[in-house]
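Read in the numbering used here, the sequence shown has 54 at position 54, and its numbers run on one by one without any break. Glycine is no exception: its CB is placed at the ideal position from the N, C-alpha and C atoms.
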Amino acid sequence: MNGGTTFHFVTTGFDAGLARARELGDGDVHVAGGAATIRQALAAGVVDSLALDIAPVLLGTGERIFDGTAQPRLSIVEVAHSPYATHVRYDIG
């Protein structure tokens, strides 16, 4: 892509995708996705911070991020507001 961004698609599960990202990268791995992807990352114990963008928009039923997972201990690190959303970053302990 323009600017040098490259995407690698892995269809063999979260663990394989994480291993591929670590193999290709030189530092932190950022996981983005829906609730199911985040639940897998939390279950694998590889998340040390979590950024949530909260917007007052009704999108339908959706999925709950923490359903079926051990409830992580979240500590608020940063909160930023805009007219359209609130952005919250947590450390996970």
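Candidates the options: closest to residue i by CA position
i, options, result
"Glu63", "Ile38, Thr5, Leu18 and Gly27", "Ile38"
"Ile76", "His87, Ser82 and Gly68", "His87"
"Val29", "Ala35, Arg20 and Thr11", "Arg20"
"Thr69", "Glu78, Val79, Val47 and Ser82", "Val47"
Burial state of residue i (16 or more Cβ within 10 Å)
i, result
"Leu52", "exposed"
"Gly27", "exposed"
"Gly25", "exposed"
"Gly4", "exposed"
Proximity below 8 Å, CB of residue i to CB of residue j
i, j, result
"Arg73", "Ile92", "yes"
"Ala35", "Ile65", "yes"
"Ser49", "Tyr84", "no"
Closer than 7 Å: residue i CB and nearest the ligand MN heavy atom
i, result
"Ala44", "This structure lacks the ligand MN; in fact it carries no ligand of any kind."
Supposed close pair residue i, residue j - CB separation, criterion 8 Å
i, j, result
"Phe14", "Ala41", "7 Å"
Could you pull out every unbroken alpha helix (DSSP H) segment of at least 4 residues lying fully inside the stretch 18-82, listed in chain order? Entirely contained in the stretch 18-82, the alpha helix (DSSP H) runs reaching 4 residues are, in chain order, 35-44.
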